[in-house]
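With the sequence shown counted from 1, adding 9 to any position gets you this note's numbering. All C-beta atoms in this analysis are idealised placements derived from N, C-alpha and C, irrespective of residue type, glycine included. These numbers were taken from a predicted model, which means no experiment stands behind them. As structure tokens, the structure follows; a few thoughts come after it.
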Amino acid sequence: MPLLFDSDYEILRKAGVDFEEEDGTRFLIFKNFPLPKDIYTVDERPADAVDVLYVIPQNYNSSGGDMFWVHPRLHRTDGKPIPNTGGPRPNEDSRTHNGLVFCRWSRHWHNKPWKAKVDNIQTIMDRISWAFKYPDARRS
């Protein structure tokens, strides 16, 4: 059973987004999701892309969710911590997919709540991009 609507898959196809799905866990994994330049490192090397795991809610598209997970774990080039994120340990709300541990990013969108039957997979990708662009942003 598909996790998304046909229109969402069409958006992903037109954008050339590489992704995979896991039905049982409702994981949607964006492969090589682009990162803003010069903000993040992985293992002390510059990072320009990361895999992003997003849990598609059962009630999609009435609710868009407010968390995503990244692999590998990101660090900032300026050494500052990234607020509202967790590490790879189980007590840090990580997720595992195909043997890879994804680290949590929590961002709530109180100022821009999900609009049922209007918002879609593009909204999800835009929110993730925004979170990467503004790592200091508080839950908003």
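Worksheet item: Where does lysine 121 sit, in a helix, a strand or coil, going by DSSP?
Response: As a working mapping, residue 121 is identified with position 112 in the sequence shown. If DSSP states are grouped into helix, strand and coil, lysine 121 belongs with coil.
Item to complete: Identify which residue in Asp128, Arg113, Gly88 and Thr86 has its Cα closest to the Cα of proline 99.
Response: Position 90 of the sequence shown, counted from the first residue, corresponds to residue 99. Among Asp128, Arg113, Gly88 and Thr86, the Cα nearest to that of proline 99 belongs to Arg113.
Discussion item. Please classify serine 16 as buried or exposed, where buried requires at least 16 neighbouring CB atoms within 10 angstroms.
Written reply: Along the sequence shown, read from residue 1 onward, the residue named residue 16 stands at position 7. With fewer than 16 other Cβ atoms within 10 Å, it is exposed.
Worksheet item: So, aspartate 60 versus phenylalanine 77, is the Cβ gap smaller than 8 Å?
Response: For the purposes of this step, residue 60 is identified with residue 51 of the sequence shown, where counting begins at 1. For the purposes of this step, residue 77 is identified with residue 68 of the sequence shown, where counting begins at 1. Not a contact, by the Cβ cut-off of 8 Å.
Worksheet entry | valine 26 beta carbon less than 8 Å from that of phenylalanine 39 | What you label residue 39 is simply residue 30 of the sequence shown in a count that begins at 1. What you label residue 26 is simply residue 17 of the sequence shown in a count that begins at 1. Going by C-beta atoms, phenylalanine 39 is nearer than 8 Å to valine 26.
Worksheet item: Straight-line CA distance for leucine 37 to histidine 106?
Response: Along the sequence shown, read from residue 1 onward, the residue named residue 37 stands at position 28. Along the sequence shown, read from residue 1 onward, the residue named residue 106 stands at position 97. Distance between the alpha carbons of leucine 37 and histidine 106 is about 10 Å.
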